[in-house]
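In our numbering, the protein residues as written are 3 to 326.
Where a beta carbon is used, it is the ideal one built from N, C-alpha and C, also for glycine.
These numbers come from a predicted model, not from an experiment.
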C-alpha cells in the first residue's frame, strides 16, 4: 500500500520525487516493524512499542534478549557500548563539519522538526543546506512534506506583517528510531558517557522517555489506520500542520473520505475532551472530516465509549498487536 502525503484542500498530489521520498521512508519503517514483530513477539505490546521506539534500526537485535526490560537494555546495549556505536554516527572526518552535523541532528531530535528551525547564528542557511544534502545522501534523515497550501493572492489585499513573514515549512524525519534516540539522549551527554558516568543521561531518560516514545506511537498509528480501516482502502496517511493547527494523523481513502486522528501515549484513559479538541482543530483548519480516530496507550473513558459517535474510531494498545 502506498503511503503518500496529500493536499487536504484541493486533492492535488505532490511531484513524483516527493512521493518516492515518503514511500521509501514508509517501506523502511514497515521493514523494521516486521523485524521487531518476529524477534520480540514474546513482549507485551506496550513494551514492544517502547523497544521499537529506541531500537528500531539497531544493528544487534539479538543482544536485546539478554536483559529483562527496556531500561536495562538501554544501559547495557547503548550506554556501556557507547564507544562501539559512536562510530556509526561519524558522518565526516572533517571535525568542524562533523560538529555541525551533530548540532543539526540534535536540533531536529529535540525540536519541532521544521526544516528551518535548525538555523541559528552558528548554522547559516547555506551551511544548513549543505548539511541536509550530506544527511539525505547518507539516508540518515528524510523529508516530510507540508500539505499546507499558500494563501491565495488577491489583488488589492495586503497581508499583515506576520503573515508576510510566514513561510510554509517541511519537517524532517529520522529514517531509523535508534538514530533519533542517539541524538535525543546520548549526544548531549557523550563526554560523561565516554567516561562511564551515566547519571545525567539516565536521569534524562527517566524524565523524558515516555514523551520520546509518543512520537513513534504517532508514526505507528499512521500505519495502523491503513490496516484497520476496513470500510475501504486508506491510500494516504500522515501528520498535518499549518500556520494554525497540528494534527497527529490525517488520512484519505480511495473514494476521498478524510480521517483525522489524535494519538496519546499516556498512562491515563482518553476522555471525550480529547475528541472535542480534535474536532475544534479541524474546524479551525477548515478541514472537512468524515471520520475521527483516537489512538490510546491506556484505553478510553466509559463516557466516551458509551456516547461514541458513529464516525469515531477507537484504537488502543492491543490493536497494535497485528502491526508490531
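Using a threshold of 9 Å, state whether the C-beta atoms of residue i and residue j are closer than that.
| i | j | result |
| --- | --- | --- |
| residue 237 | residue 254 | yes |
| residue 51 | residue 219 | yes |
| residue 207 | residue 239 | no |
| residue 2 | residue 59 | Within the shown structure, residues of the chain are numbered from 3 to 326, placing residue 2 beyond reach of any answer. |
| residue 87 | residue 184 | yes |
| residue 136 | residue 326 | no |
| residue 116 | residue 150 | no |
| residue 205 | residue 84 | no |
| residue 241 | residue 247 | no |
| residue 37 | residue 63 | yes |
| residue 142 | residue 93 | yes |
| residue 221 | residue 31 | yes |
| residue 223 | residue 198 | no |
Per DSSP, which one or two residues make a beta bridge with residue i?
| i | result |
| --- | --- |
| residue 248 | 243 |
| residue 265 | 297 |
| residue 56 | Beta-bridge pairing links residue 56 to no other residue. |
| residue 253 | 239 and 261 |
| residue 125 | 122 |
| residue 302 | 272 |
Below 8 Å on the Cβ atoms is my contact criterion, and I expect residue i with residue j to pass it. Report the Cβ-Cβ distance as a whole number of Å.
| i | j | result |
| --- | --- | --- |
| residue 226 | residue 317 | 6 Å |
| residue 296 | residue 277 | 6 Å |
| residue 279 | residue 300 | Actually they are not in contact, since the Cβ atoms of residue 279 and residue 300 sit about 17 Å apart, beyond 8 Å. |
| residue 174 | residue 110 | 5 Å |
| residue 96 | residue 133 | About 12 Å; that fails the 8 Å criterion. |
| residue 130 | residue 106 | 7 Å |
Helix, strand or coil: how does DSSP classify residue i here?
| i | result |
| --- | --- |
| residue 171 | coil |
| residue 25 | Note that residue 25 scores a pLDDT of 47, beneath 50, so its modelled location is shaky; the value from the coordinates is reported in the next line. Correct three-state label for residue 25: helix. |
| residue 260 | strand |
| residue 82 | coil |
| residue 116 | strand |
| residue 93 | coil |
| residue 176 | strand |
| residue 145 | strand |
| residue 153 | coil |
| residue 289 | coil |
| residue 272 | strand |
| residue 225 | helix |
| residue 316 | strand |
| residue 231 | coil |
| residue 309 | coil |
| residue 323 | helix |
| residue 45 | coil |
| residue 36 | helix |
| residue 130 | helix |
| residue 69 | coil |
CB-CB under 8 Å to residue i, same chain, minus the five flanking residues each way: which ones, in chain order?
| i | result |
| --- | --- |
| residue 127 | 118 and 121 |
| residue 23 | With a pLDDT of only 45 at residue 23, under 50, the local geometry of the prediction cannot be trusted, and no value is derived from it. |
| residue 303 | 271, 272, 273 and 274 |
| residue 194 | 200, 201, 202 and 203 |
| residue 125 | 102, 105, 106 and 133 |
Cutting at 7 Å between CB atoms, please list the residues of its own chain near residue i, excluding the five before and the five after it.
| i | result |
| --- | --- |
| residue 72 | 49, 52, 53 and 56 |
| residue 189 | 104 and 108 |
| residue 308 | none |
| residue 230 | 317 and 321 |
| residue 244 | 150 and 287 |
| residue 305 | 273 and 274 |
| residue 43 | none |
Skipping 5 residues on each side, what residues in its chain have a beta carbon closer than 6 Å to that of residue i?
| i | result |
| --- | --- |
| residue 311 | none |
| residue 314 | 294 |
| residue 259 | 292 |
| residue 266 | 272 and 298 |
| residue 79 | 65 |
| residue 256 | 234, 235 and 237 |
| residue 41 | 63 |
| residue 39 | 326 |
| residue 113 | 119 |
Given 8 Å as the limit, tell me if residue i has its C-beta closer than that to any heavy atom belonging to the ligand FMN.
| i | result |
| --- | --- |
| residue 72 | With respect to the ligand FMN, the structure offers nothing, as it holds no ligand at all. |
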